[in-house]
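For the sequence shown, full-length UniProt numbering assigns the number 1 to the initial residue and increments by one for each residue that follows.
Positions of the beta carbon are idealized from the N, C-alpha and C atoms, including for glycine.
Encoded as structure tokens, the structure appears first; notes follow it.
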Amino acid sequence: MSTVEVPRDGVDLDLPDTPPTPAALSGLVAGTFPGTGDDRLVDILVVAGQLVGNAYLHAHAPRRLRLTRSGDGELVRVEVDDASPSRLPVLGRLDTPEHGRGLLMVNRLSVNWGHRPRRDHKTVWAEVRLV
């Protein structure tokens, strides 16, 4: 993962051709939001991991990850872009053990989530409470 732009209180980076390791993603989240409690970091990491994983499993490159803290500092917004605008996210079901639970976890851990389709890409996003 190479950083291309670092906004205030966040990170904006292009994702590589192969998925980042859990350790790399964990280090990125912890390094981006130092001083955040472990329980909140885990929630952010799970949400980011699911959205990034879905971009590799169901979509095409290029892929991009943004992590930003809201102006009031109460939320972290996780955004993942991919180049598959027609492959919209599907919430999934609990009775599918091998796939389909990722967005259920995102739904449970975030206060809001959704997607923005564009002509040439889409963004799937979620907001996780910090406090």
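Would DSSP call residue i helix, strand or coil?
{"i": "R40", "result": "helix"}
{"i": "L75", "result": "strand"}
{"i": "R64", "result": "strand"}
{"i": "L13", "result": "strand"}
{"i": "V52", "result": "helix"}
Counting along the chain, where does the alpha helix (DSSP H) carrying residue i start and finish?
{"i": "P22", "result": "22-32"}
{"i": "L103", "result": "102-109"}
Since residue i sits in a beta bridge, which residues does DSSP pair it with?
{"i": "H58", "result": "Paired residue(s): none; H58 is not in a bridge."}
Which residues in the same chain have their Cβ closer than 6 Å to the Cβ of residue i, if we skip the five residues on either side of it in sequence?
{"i": "H60", "result": "A83, S84"}
If contacts are defined as beta-carbon pairs under 8 Å, then residue i and residue j qualify, I think. What distance do you get, rounded to the angstrom?
{"i": "R66", "j": "F33", "result": "R66 to F33, Cβ: 13 Å. No contact."}
Between which two residues does the beta strand (DSSP E) holding residue i run?
{"i": "A83", "result": "No beta strand (DSSP E) holds A83; DSSP gives it neither H nor E."}
{"i": "H121", "result": "Per DSSP, H121 belongs to no beta strand (DSSP E) and is neither H nor E."}
Below 8 Å CB to CB, which residues in the same chain sit around residue i once its five sequence neighbours on both sides are set aside?
{"i": "R118", "result": "P85"}
For residue i, I'd like the list of residues in its chain whose CB is within less than 7 Å of its CB, leaving aside the five on either flank, ordered along the chain.
{"i": "V4", "result": "Note that V4 scores a pLDDT of 42, beneath 50, so its modelled location is shaky; the value from the coordinates is reported in the next line. Once the five neighbours on either side are set aside, the close Cβ partners of V4 are D12, L13, D14."}
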